[in-house]
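Numbering-wise (the numbering used here), the sequence shown opens with residue 12 and increments by one.
See below for the structure under consideration.
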Amino acid sequence: MRKLSTLSDIPHKVSSTSVIGVGHKHESAIRQVSGQARYVDDIPEAANIHHAAVGLSPVAAGTIISIELEDVLSSDGVIDIITVTDVPGHIDIAPVFDGDPILADKKILYHGQPIFAVLAKTIEQARKAVLKAKIDIAPGVPCLNIEQAKQEMNFVRPPHEMQQGNFEKSYAACPIQLKGNLTIGGQEHMYLEGQVSMAVPEEEDRMLVFTSSQHPSEVQKLVAEVLDIKLHKVVVDMRRMGGGFGGKETQAAQWACLSAILASRNKCAVKLRLPRMQDMMATGKRHPFENSYQVATDENGRIQATQIEINGNCGHSADLSDAIVDRAMFHADNGYYLGSSKIVGHRCRTNQVSHTAFRGFGGPQGMLVAEAMIDAIARKLGKDPLTVRKLNLYDEHDPLRCTTPYDMFIEHNVLPELIAELENSSQYWQRRKDISAFNANHSIIKKGLALTPVKFGISFTAKHLNQAGALLHIYTDGSIQINHGGTEMGQGLHTKIGQIVAHEFGLPLEHIEVTSTRTDKVPNTSPTAASSGTDLNGKAAQNACLIIKERLCEFYAGLVKGDADNVYFEEQNVYLEEHKITFTDLIQQAYIGRVSLSASGFYKTPKIHYNRETGKGRPFFYFAYGASCSEVTVDTLTGEYKVDRVDILHDAGRSLNPAIDVGQIEGGFIQGMGWLTTEDLKWDDSGRLISNNPATYKIPAIGDTPEIFNVDLYGRANEENSIYHSKAVGEPPLMLANSVWCAIKDAISSLSNYHLDPQLNTPATPEKVLDAIELIQQAGGQSN
Ligand code: MTE
Ligand code: HPA
Ligand code: MOS
């Protein structure tokens, strides 16, 4: 037998009938659009199921004096109530650092914090009963903004810093010196399926939990801990989510834990589904940020020195904020060499819900500073921003311009070529001319154009999370089940995993069933996050395939007296020299021959490391790149605008499934556009979220889709050994929307004949656009 370490050397022919690289539709597409796809709330309910609801804090800070629940208990249909004192085990369900009590523990930390949970016969009865609680809270003084938290050094985690060279010295020597700041809004996840869990008690203290979670293993651990039982007594099952977007990475656990406690106490199945308004109030969002920079360049606008301060509003606890602010810092360069640089990140504590993962995971909020700096430089020098962008890209051929502020060497940088291609295909310079002419002839309606790049680091920045497992079974009819550690949230992960397994065995996709993610099949899994679902689980699934293929090769070689090295799987057959057998026949014979047809696979990402003490390392296995060109029209009297045309060229490596990847790019772009333009989180002065429903919080609708929307894949293989040299595609496209923000600024800047850089904080709602216009006009810009 050859050693497993040489498995990847087993030859496999890439046949023209392979399912890899082909635009297969999402494995659940038909079921999803026809209402047959089963989500947690669609699972047939146990006969004795009851329903839970939670009571939330009406204030943002304070101390609980008394909780009177008699009226709740006597309300129709009510079976049980729990507060924090009823939790049998741990009360802290924080993911990494302490600070997230499952229910308020004396102190109130934010408006909307769950204080108690009620179990009743129906969901309506539970929700009605909640309203009858009388809770006496001695109000405290909430901290509601970044500025105050920073002044008070009120941080959920200590600050972190990375630097390269001597910023002060380089800055002082430069002819051009610029300063700026940028307020960046957060974002509500607005997944179609809200938070929901169903806990089903099993024999004795065992618990089965169905939950809409990106992180079943963490739910398993936390359910075990709150119940004070061992992890092996808990099974978590997740077939699919109706969207997660990061909002179910850590913050699905609370609802699963509450369901499990109620299920365990009452020996009945319990379902907890948050109504949308509660979901919006009680779960964290994308972090709002307030960032500032100092940047210095030579006469041409080439950056020599940069200092950036990143301040994330983390809400009341750490949750994932340490890693999120780190990722903002890692992306404050975007694709640009920053010269001598110093980047500092603060994790500000406020009395808001604990802000959490959201597509891009801090990257977008860091990257926007880079684009703000470039725009400022361009306006100062009277150059086209695209010229300044290109001038400042990392250059892997120049040893002085190819390392990031955290000392990672940039290689295989496709941005210069990718941008050149998009510049051509979008006819950037011709349209620039046309737009200048248009603006010269129109005093009120102004057009803007921008082409911006994306460089996004792929890997969890917490190294240990970069591992995955898979479990593969071949049944005697030749059909295959694959289970892996990733969860399906609409992104097409299961489709891609199915393709990988089908490809390895030379089978059509229909022969492969990807089963629901379960903690009893693949243990100790990472969250499906950081865009790494396919990279990690795809490799683990491939590893499982290779292990079984090795056994089958040996077996078949023994049967026909050939060389196992020459066996290959193609078009539902297995070949060895002049011999051929159908895959199903081989499986049947292997079964009779007592060959194991089940295997588990494993993968861990190579090459990555980061030393947080020194702020240096290679935190990312590789980067995914892209660029977008957006054109907008702005009405300078009202601040209203429209995105007219968008051209995107995105690097998904050698795409596993172009149809799904293009879908991810379109969806990511539109979601990013919503974040930067219309999605406006509003808290009132008492810390209450007032944009707490879809009527007061505007996400992009179909009518906001750009009329011209061209999306292309760059198509160059990943140089790193990722699964079939593809690249992760889940998060990076969100940041393609930066070009919309820059294009709006470009239109406003035209009012100053492109000499002034507008201050446009995000979301760039029409009100903010109008403010920016007025500022430019006051500063001496003319309206033509
Ligand atoms: N696409 C859909 N349809 N729904 C989602 O919830 N989440 C995004 C992205 N694309 C999401 C999505 C986020 S935040 C991440 S990290 C990745 O998908 C996770 O999946 P992947 O690693 O398999 O790409
Ligand atoms: N991205 C997304 N989720 C995460 C990460 C990350 O880098 N680290 C921990 N959880
Ligand atoms: Mo995505 S924010 O990493 O779940």
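We put the beta carbon where it would ideally sit given N, CA and C, even for glycine.
Where Leu-411 falls, given that 16 or more other Cβ within 10 Å makes a residue buried | exposed
If you count every other CB in all the chains shown that lies within 10 Å of the CB of Ala-748, and 16 or more means buried, which is it?
-> Under this definition Ala-748 is a buried residue.
Pick out the complete alpha helix (DSSP H) segments inside the region 236-301, 4 residues or longer, and give them in chain order.
-> 264-277, 287-293
Given a cut-off of 8 Å, decide if Ile-90 and Ala-131 are closer than it, judged by their beta-carbon atoms.
-> Yes, the Cβ-Cβ distance between Ala-131 and Ile-90 is below 8 Å.
Mapping DSSP to helix, strand and coil, what is Leu-786?
-> Leu-786 sits in a helix when the DSSP states are folded into three classes.
Alpha carbon of Asp-111 to alpha carbon of Gln-174, nearest angstrom | 32 Å
Assess, as a yes-or-no matter, whether the region 183-194 is touched by the region 496-509 under the definition of 3 or more beta carbon pairs within less than 8 Å.
-> Contact between the region 496-509 and the region 183-194 is absent: fewer than 3 CB-CB pairs across the two stretches fall below 8 Å.
Report all residues for which the CB-ligand distance to some heavy atom of ligand 1 is below 7 Å; order them along the chain.
-> Tyr-202, Met-252, Gly-254, Gly-255, Phe-256, Gly-257, Ala-368, Phe-369, Arg-370, Gly-497, Met-500, Gly-501, Gln-502, Leu-504, Thr-539, Ala-540, Ala-541, Ser-542, Ser-543, Gly-544, Thr-545, Gln-675, Gly-678, Gly-679, Ala-739, Val-740, Gly-741, Glu-742
Cβ of Phe-420 within 7 Å of any heavy atom in ligand 2?
-> no
Per DSSP, Trp-440 forms a beta bridge with which residues?
-> Beta-bridge pairing links Trp-440 to no other residue.
Among residues of its own chain, excluding the 5 on either side of Val-879, which ones have a beta-carbon nearer than 6 Å to its beta-carbon?
-> Since the first residue of the chain shown is 12 and the last is 795, residue 879 is not available in this structure.
Nearest-angstrom Cα distance between Asp-82 and Leu-120?
-> One C-alpha to the other measures close to 25 Å.
On a CA-only basis, which of Arg-360, Lys-560, Leu-482 is nearest Arg-529? Give me that one, please.
-> For the residues Arg-360, Lys-560, Leu-482, the minimum Cα distance to Arg-529 belongs to Leu-482.
So, are the CB atoms of Tyr-633 and Gln-478 less than 8 Å apart?
-> no
For the beta strand (DSSP E) that contains Ile-90, what are its first and last residues?
-> 89-93
Beta-ladder partner(s) of Phe-613, from DSSP | Gly-480
Select from Arg-562, Tyr-405, Gly-254 the residue whose C-alpha is nearest the C-alpha of Leu-597.
-> Arg-562
Name the two residues that bound the continuous alpha helix (DSSP H) containing Val-399.
-> 396-402
At what residues does the beta strand (DSSP E) containing Met-500 begin and finish?
-> Careful: Met-500 lies outside any beta strand (DSSP E) and carries neither H nor E.
Beta strand (DSSP E) runs wholly inside the region 146-186, at least 3 long, in chain order = 166-175, all fully within the region 146-186.
Reduced DSSP category for Asn-729 - H, G, I as helix; E, B as strand; rest coil | coil
Beta-carbon contacts of Leu-771 that lie in its chain and below 8 Å, excluding the five residues immediately before and after | The beta carbon of Leu-771 is closer than 8 Å to those of Trp-752, Ile-755, Lys-756, Ile-759, Lys-779, Val-780, Ala-783 in its chain, skipping five residues each way along the sequence.
Coil, strand or helix - Asn-362 by DSSP = coil
Can you find a heavy atom of ligand 3 that lies under 7 Å from the Cβ of Gln-225?
-> yes
For ligand 5, any of its heavy atoms closer than 7 Å to the Cβ of Phe-632?
-> Judged by which ligands are present, ligand 5 is missing from the structure shown, whose ligands are ligand 1, ligand 2 and ligand 3.
Contacting residues, own chain, Cβ-Cβ under 7 Å from Tyr-735 (five flanking each side not counted) | Only Ile-31, Arg-665, Leu-667 meet the Cβ criterion.
Is it the case that the Cβ atoms of Gln-289 and His-327 are separated by a distance below 8 Å?
-> no
With 16 as the cutoff for other CB atoms within 10 Å, does Arg-400 come out buried or exposed?
-> buried
For Cys-325, name the three-state secondary structure that DSSP assigns.
-> Cys-325: coil per DSSP, three-state reduction.
Would you say Glu-260 touches ligand 2, meaning its beta carbon is less than 7 Å from a heavy atom?
-> yes
Locate the beta strand (DSSP E) running through Asn-494, then write down its first and last residues.
-> 491-495
Glu-310 (DSSP reduced to helix, strand or coil) = coil
Assign Asn-732 to buried or exposed, taking buried as 16 or more other Cβ atoms, counted over all protein chains shown, within 10 Å of its Cβ.
-> Here Asn-732 is exposed. Its C-beta has fewer than 16 other C-beta atoms within 10 Å.
Let me know the secondary structure DSSP gives Leu-67 once reduced to three states.
-> Looking at Leu-67 - three-state DSSP - the assignment turns out to be strand.
Enumerated in chain order, which unbroken segments of the alpha helix (DSSP H) with a length of 4 residues or greater are wholly contained in the region 711-768?
-> Qualifying alpha helix (DSSP H) stretches, in chain order: 749-760.
Considering only residues of the same chain and omitting the five flanking positions on each side of Lys-14, which have a CB-CB separation below 7 Å?
-> Residue placement at Lys-14 is poorly supported in this model, since its pLDDT is 34, which falls under 50; the coordinates still yield a value, given next. Counting only Cβ-Cβ distances below 7 Å, and skipping sequence neighbours, we find nothing.
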